[in-house]
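Protein chains in written order, with the working numbering: chain U, 1 to 256; chain B, 257 to 493. In this text, a Cβ means the ideal position worked out from N, Cα and C, and glycines have one as well. Written below as structure tokens is the structure these notes are about.
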Amino acid sequence: MATTNLLALEAAKLSPSRELRVSLAVYALLVALALASLRALAFELPGGSIRVSALAFPDVWHNAAYVAGWVNYLLYVFALQTVTHEYQFRTNRQNVIDGLPRRRYVLGKIAVMAGFALISSAIVTALAGTAGVWTGTAAASEPLAIRFVALYPLQTLAYLMLALFVGTIARRTGLAVLLFVGYTLVAEPMLRDLVFSHTLARHLPSAAFTALVPNPFFAYAGMRVAYSLTAPLVDTAIYVCLLGAATIWVFEKQDL
Amino acid sequence: MNVLETAGLSKRYGRVQALRSLDLAVPQGSVFGILGPNGSGKTTALGIVLGAIHPDAGRYAWSAGAPGAAHPRIGSLLEVPAFYPALSGTENLVVVARIRGCGVEGIDEALAQAGLFERRHSPVATYSLGMRQRLAIAAARLGAPDVVVLDEPGNGLDPEGIADVRGAIRRLATGRVTVILASHVLDEVQKLCTHVAVLKHGRLLAAGDIDAVVAGAARLEDAYMALTHGHDEPPRA
Chain U
1 MATTNLLALE AAKLSPSREL RVSLAVYALL VALALASLRA LAFELPGGSI RVSALAFPDV
61 WHNAAYVAGW VNYLLYVFAL QTVTHEYQFR TNRQNVIDGL PRRRYVLGKI AVMAGFALIS
121 SAIVTALAGT AGVWTGTAAA SEPLAIRFVA LYPLQTLAYL MLALFVGTIA RRTGLAVLLF
181 VGYTLVAEPM LRDLVFSHTL ARHLPSAAFT ALVPNPFFAY AGMRVAYSLT APLVDTAIYV
241 CLLGAATIWV FEKQDL
Chain B
257 MNVLETAGLS KRYGRVQALR SLDLAVPQGS VFGILGPNGS GKTTALGIVL GAIHPDAGRY
317 AWSAGAPGAA HPRIGSLLEV PAFYPALSGT ENLVVVARIR GCGVEGIDEA LAQAGLFERR
377 HSPVATYSLG MRQRLAIAAA RLGAPDVVVL DEPGNGLDPE GIADVRGAIR RLATGRVTVI
437 LASHVLDEVQ KLCTHVAVLK HGRLLAAGDI DAVVAGAARL EDAYMALTHG HDEPPRA
């Protein structure tokens, strides 16, 4: 089965799904609401309160990528469901029995994750661009904010690959969501604070992914955070490859 | 010429030995019944030869029969119908056709034969169990397979549906398609199968031409009871 056929197969599974269309519409709406919440952003500082134009060019690229990163948990849950429903309905077993090699099954799912990352990026870029055009241009707190248009898809893909791996191991939706959210929001932050040194902690998966699009709002308060892009980029690229390989390995060993 | 041969296939789930050193040979063009009570290892054996389950030991080999063909085209229904519930019957068969590399032209005809043409655009989630079972059998037959594997195909079907399935199996058999049929319904196996294997607690008790297995008994049921008598203790690892 050629690569194009693999994409056609995954499209045949997903594109007629009303659930997918509704989920993406809700996701786009939530991203829009998250961006709208930045319209009247104000910070209380010791010297008084300041109002910032968080939706103005060029900062809107960074700000939108950051807030969308939180809304993305909806996307990750949907991705987990896409993986675990194949186990629940035993459709992955039927795919394998019908002649789809296990490795190609996982490659198809990786393509789906890449597709989700691209769709998410298109939605965020379109909404951020629209908000920027609407608001105008202001002084930049982050001179290279446009680079987050490129970093955001990589961050999203990395989390989606983690979701693919977790869904493949957990097999059940509830357990997969618990593991994914528990690891990224609870377990890893605790490991970073309590177990690992700062040097090692920033190489953990979620830390590396998050560092690609760091919190932009410190800059508005005049705080400068030492920030290197090289290490998170390399770490994330390695994790994406490792998670893909690990998912293939696990799926090839599983009884379906 | 055998289309499938297994040697020493074994599988254990925890402390339960689901399959114990299974040796089978399925002749090409036969209707091969795998008979046994629930938990006898029928589905595990079929899951292994279909590539869904990894055996702990042993090996199996499919033979296409046709010169130059490495592997036969196999259609199957294993245990329960497995479909994407949000997709329609047609859309699910498109998924099957894409994986098998066969055209989608035969889908409408397959749905009509299964009596599902009127509901072809309805989501499978709205189908009854019997309708799903018929859709699964239609999927198994899609793309003119060389071998059709059916695991308890009568499950969930009304008497008319069961009769339809039996008719379909007979038509497949006359078309030189090898049919492997797992069932615990003795009457069904006796009416349809040319060859039979009897399993209990993962152990092969008898296998061969159905007349040879029935031997002097009046019915397959009598032969089955005689074979399985004294094998009530499940083998432990």
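- Here His62(U) is buried: its Cβ has 16 or more other Cβ atoms, across all protein chains shown, within 10 Å.
- Within chain B, no C-beta atom comes less than 8 Å from the C-beta of Lys109(U); the nearest is roughly 14 Å away.
- Taking a Cβ-Cβ cut-off of 9 Å, the neighbours of Phe89(U) in chain B comprise Ala338, Phe339, Tyr340 and Pro341, given in sequence order.
- Its Cα nearest to that of Ala32(U), the residue Val71(U) stands out among Gln94(U), Pro153(U) and Val71(U).
- With contact defined as three or more Cβ pairs closer than 8 Å, the region 163-172 of chain U and the region 84-95 of chain U are in contact.
- Nearest C-alpha to Gly386(B) among Val405(B), Arg426(B), Val421(B) and Pro283(B): Val421(B).
- Leu333(B) is not a Cβ neighbour of Pro401(B), given a cutoff of 8 Å.
- Distance from the CA atom of Ala40(U) to the CA atom of Gly136(U), rounded to whole angstroms, is 14 Å.
- Between Ala313(B) and Ser378(B), the CB-CB gap reaches or exceeds 8 Å.
- Taking C-alpha positions only, Ala54(U) is separated from Leu349(B) by approximately 49 Å.
- Every alpha helix (DSSP H) stretch that sits fully inside the region 52-120 of chain U and reaches 4 residues is listed by chain position as 59-88 and 91-97.
- For Glu335(B), the three-state secondary structure derived from DSSP is coil.
- Per DSSP, the beta bridge partners of Gln273(B) are Arg268(B).
- Contact annotation for Leu306(B) against chain U: Ile97 [CB-CB distance below 7 Å, chain order].
- Boundaries cannot be given for Leu256(U), as no beta strand (DSSP E) includes it and DSSP labels it neither H nor E.
- A contact between stretches requires three or more CB pairs, one per stretch, nearer than 8 Å, and the region 451-465 of chain B fails this requirement with the region 422-432 of chain B.
- Within chain B, the residues whose beta carbon sits less than 8 Å from that of Pro16(U) are Ala342, Leu343, Ser344 and Glu347, listed in sequence order.
- Using beta-carbon distances, Leu265(B) does not count as an interface residue toward chain U, since no partner is under 8 Å.
- With a cutoff of 8 Å on beta-carbon distance, Leu162(U) and Pro205(U) are scored as near each other.
- With respect to chain U, the C-beta atom of Leu437(B) has no partner C-beta closer than 8 Å.
- In the displayed model, Tyr152(U) falls within a helix according to three-state DSSP.
- In this structure, the beta-carbon distance from Ser197(U) to Pro153(U) does not fall below 8 Å.
- CA-to-CA, the gap between Arg192(U) and Ala56(U) works out to about 34 Å.
- Between the alpha carbons of Leu14(U) and Leu20(U) lies a distance of about 7 Å.
- Counting only unbroken stretches of 4 or more residues, no alpha helix (DSSP H) element lies wholly within the region 366-391 of chain B.
- Nearest Cα to Val52(U) within the set Asn5(U), Asn215(U), Ala126(U) and Ala138(U): Ala138(U).
- Contacts with chain B at 8 Å (Cβ-Cβ) include Glu19(U).
- In the structure shown, Glu361(B) falls within a coil segment according to DSSP collapsed to helix, strand and coil.
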